[in-house]
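Take any residue in the sequence shown, note its place counting from 1, add 44, and you have its number in our numbering.
Ideal Cβ positions, reconstructed from N, Cα and C, are used throughout, including at glycine.
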Amino acid sequence: MAGRSTDMMKQPMQNILLYAVLAAILLLLPLTAMTRGVIPIELGEVVRFLLNPSDPQIPPIHADVLEYMRAPRFLLALLAGSTLAVVGAVMQALLRNPLADPYFLGISSGAALGAVLMMSANISMIAGLSAVPLGAFAGAGAATVLVLWLTRYYGRGKSFMILIAGMGIHAVCSAVVSLIISLAPNSRTVSNISYWLLGSLEKASWEKDLYLAIVVLPILLFFFLQTRVLNLMLLGDDTARTLGYRLEERRQTFIFLCAAAAAMIVYNAGIIGFVGLAVPHIARLLVGGSYTRLLPVCAALGAGFLAWADVFSRIAVENGEVPIGIVVSLLGSPIFLHLLLKRKHG
């Protein structure tokens, strides 16, 4: 009994220590990420900028780079990374499949197809709203519905069939996007779309960050308040029903919110895979499977992971940058292969 009591006292202290370390990492991120790039900026200048953006001691060109390029880009990395990681963790609970994430279920590719259709057709506005994000929303929603339909009617609800259906939808959407790009008459448009599809934070701005935050932060807050339901989803519908919960309608709502969040990330940063797959599994190794602890850690790790990946994408090559989607895929694909092999032999 005494040993059990000691273990129970150690667990909260370990959680507090972990959260403190994650918070320290996030606090240090802007100090390091914003110094890196084609134009090197001293750490002291970054600190002065964060304390007082109009500090006259900061060279004007450095102040402009920080205010209009690196700070919005860093914020976009935090928003996109945390959202992708949380959405991936939520989808793994919804579908009870450790390989579920927006990328492999075709949601990101569907959003990209919808956005590219709007771009290639030169449609800028629909009913007074920007057409590209609307196209991304529609594409993500259609891909989600199609994957669930294929799984239900052809896979008899088997969880692994969801991955197969999602990868099939991903392949089809990617092929159609490639066809549209190959037939596009404007080479500049082709170049812009191709680079965007590889994942990029280059077009970040305060305005885009604001619109993204307005959409994804309420979704993240909603998921944080639904951790009990997410834990029940891991137990299955039958167990949840005995406890008085009907999960069918909740699951549909959650999937729609995941698709909406993924669509906004695709619109702002292109297709960035593996964050929603790899980060939740790393978080589980740190804090276990309870979603009460898992989601906050996923958000912190996802934000930090994508911010550091963006730093690497900017310094990997001289006088240029590597698309962040490529960097993330290089880091995340070994984890995906490990999970596939573990599932096969487990």
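Residue burial classification, S49 (beta-carbon count within 10 angstroms, cutoff 16): Reading the sequence shown from its first residue, position 5 is the one you call residue 49. Bear in mind that a pLDDT of 48 at S49, under 50, signals an unreliable position, so the number given afterwards is only what the model happens to contain. S49 comes out exposed.
Span separating the alpha-carbon of P262 from that of Y255: In the sequence shown, counting from the first residue as 1, residue 262 sits at position 218. In the sequence shown, counting from the first residue as 1, residue 255 sits at position 211. Whole-angstrom Cα-Cα distance: 12 Å.
Cross-strand partners of I170 (DSSP beta bridge): The residue labelled residue 170 in the question sits at position 126 within the sequence shown. For I170, which the question treats as bridged, DSSP gives the partners L173.
Beta-carbon proximity of L72 to T79, cut-off 8 Å: Locating residue 72 in the sequence shown gives position 28, where the first residue counts as 1. Locating residue 79 in the sequence shown gives position 35, where the first residue counts as 1. In this structure, T79 does not lie closer than 8 Å to L72 by Cβ.
Residue nearest to V221 in terms of C-alpha spacing, selected from G150, F300 and L330: Here residue 221 is taken as the residue at index 177 of the sequence shown, counted from 1. It is G150.
Where K247 sits in the DSSP three-state scheme: As a working mapping, residue 247 is identified with position 203 in the sequence shown. Coil, per DSSP.
Beta-carbon spacing of V82, N363 below 8 Å: To locate residue 82, count along the sequence shown from 1; it is residue 38. To locate residue 363, count along the sequence shown from 1; it is residue 319. Contact flag set, yes.
Assigned secondary structure, S153 (DSSP; H/G/I helix, E/B strand, else coil): By 1-based counting over the sequence shown, the position of residue 153 is 109. The answer is helix: DSSP assigns S153 an H, G or I state.
From A124, L66, N96 and E89, residue whose alpha carbon lies closest to that of V260: By one-based count along the sequence shown, residue 260 stands at place 216. Of A124, L66, N96 and E89, the smallest CA-CA separation from V260 is found for A124.
Rounded distance between the beta-carbons of A155 and I118, thought under 8 Å: For this step, residue 118 is matched to residue 74 along the sequence shown. For this step, residue 155 is matched to residue 111 along the sequence shown. In the sequence under discussion, the amino acid at residue 118 is Phe, which differs from the Ile named in the question. Between A155 and F118 the Cβ distance is about 23 Å, and since that is not below 8 Å, they are no contact.
Nearest-angstrom Cα separation, counted from F268 out to A64: Within the sequence shown, residue 64 is the residue found at index 20, counting from 1. Within the sequence shown, residue 268 is the residue found at index 224, counting from 1. One C-alpha to the other measures close to 19 Å.
I85 in three-state terms, based on DSSP: Against the sequence shown, residue 85 aligns to sequence position 41. In this structure, I85 counts as coil in the three-state DSSP scheme.
Local conformation of I206 per DSSP, three classes: The residue given as residue 206 occupies position 162 in the sequence shown. Assigned with DSSP and collapsed to three states, I206 falls in helix.
Limits of the unbroken alpha helix (DSSP H) element including V131: Here residue 131 refers to the residue found at position 87 when the sequence shown is read from its first residue. Taken as a continuous stretch (DSSP letters only), the alpha helix (DSSP H) holding V131 covers A115 to L138.
Enclosing alpha helix (DSSP H) for P104 [first to last residue]: As a position in the sequence shown, residue 104 is number 60, starting the count at 1. First-last of the alpha helix (DSSP H) with P104: P104 to V109.
I148 - DSSP class collapsed to helix/strand/coil: As a position in the sequence shown, residue 148 is number 104, starting the count at 1. In the sequence as displayed, the identity of residue 148 is Phe instead of Ile. It is coil, neither helix nor strand.
Short Cβ contact (8 Å threshold) for M169 with I237: Residue numbering aside, residue 169 sits at position 125 when the sequence shown is read from its first letter. Residue numbering aside, residue 237 sits at position 193 when the sequence shown is read from its first letter. Going by C-beta atoms, M169 is not nearer than 8 Å to I237.
Stretch-stretch touch, CB-based, cutoff 8 Å, three pairs: the stretch 133 to 147 with the stretch 291 to 301: yes
Unbroken stretches of the alpha helix (DSSP H), 4 residues or longer, contained in the stretch 216 to 288: 231 to 241, 250 to 268, 271 to 279 and 281 to 286
Where the alpha helix (DSSP H) containing R358 begins and where it ends: In the sequence shown, the residue the question calls residue 358 occupies position 314. Taken as a continuous stretch (DSSP letters only), the alpha helix (DSSP H) holding R358 covers Y335 to I359.
Span of the alpha helix (DSSP H) around P100: Residue mapping note: residue 100 aligns to position 56 of the sequence shown, counting from 1. Note, P100: premise wrong, no alpha helix (DSSP H); not H, not E.
Residues near P2 by beta carbon distance below 6 Å, same chain, minus five either side: What is shown of the chain runs 45 to 390, which leaves residue 2 out entirely.
Between the CA atoms of A107 and N275 - distance to the nearest angstrom: Locating residue 275 in the sequence shown gives position 231, where the first residue counts as 1. Locating residue 107 in the sequence shown gives position 63, where the first residue counts as 1. Roughly 46 Å between the two C-alpha positions.
E293, enclosing alpha helix (DSSP H) - first and last residue: The sequence position of residue 293 within the sequence shown is 249, counting from 1. L291 to A313 is the extent of the alpha helix (DSSP H) around E293.
Contact set for D51: own chain, Cβ-Cβ below 7 Å, skip 5 residues either direction: What you label residue 51 is simply residue 7 of the sequence shown in a count that begins at 1. Its pLDDT being 48, under 50, D51 is placed unreliably in this model, and the value from its coordinates should be taken loosely. Within the same chain, D51 has no close Cβ partners at all.
Meets three-Cβ-pair contact criterion under 8 Å: the stretch 202 to 216 and the stretch 319 to 336: For the pair of segments examined, the stretch 202 to 216 was found not to touch the stretch 319 to 336: the number of CB pairs separated by less than 8 Å stays below three.
V34 versus A121: straight-line alpha-carbon distance, rounded: Lying before the first or after the last residue shown, residue 34 is absent from the chain, which here runs from 45 to 390.
The stretch 302 to 322 / the stretch 173 to 180 touching (three or more Cβ pairs under 8 Å): yes
Reduced DSSP category for L143 - H, G, I as helix; E, B as strand; rest coil: Walking along the sequence shown from the start, residue 143 turns up at place 99. Residue state, collapsed to three classes: coil.
Backbone CA spacing between P146 and I60 [nearest angstrom]: Here residue 146 refers to the residue found at position 102 of the sequence shown. Here residue 60 refers to the residue found at position 16 of the sequence shown. Cα-Cα distance, rounded: 30 Å.
DSSP three-state assignment for M162, whether helix, strand or coil: Your numbering for residue 162 matches position 118 in the sequence shown. Note: M162 maps to helix in three-state DSSP.
Assigned exposure category for M45 - 16 Cβ within 10 Å defines buried: Residue mapping note: residue 45 aligns to position 1 of the sequence shown, counting from 1. With a pLDDT of only 48 at M45, under the threshold of 50, the placement of this residue in the model should not be trusted; the figure read from the coordinates follows. Counting Cβ neighbours within 10 Å, M45 comes out exposed, since fewer than 16 surround it.
Per-residue burial, I105 [other beta carbons within 10 Å of its own, 16 or more giving buried]: One-based indexing of the sequence shown puts residue 105 at position 61. Classification for I105: exposed.
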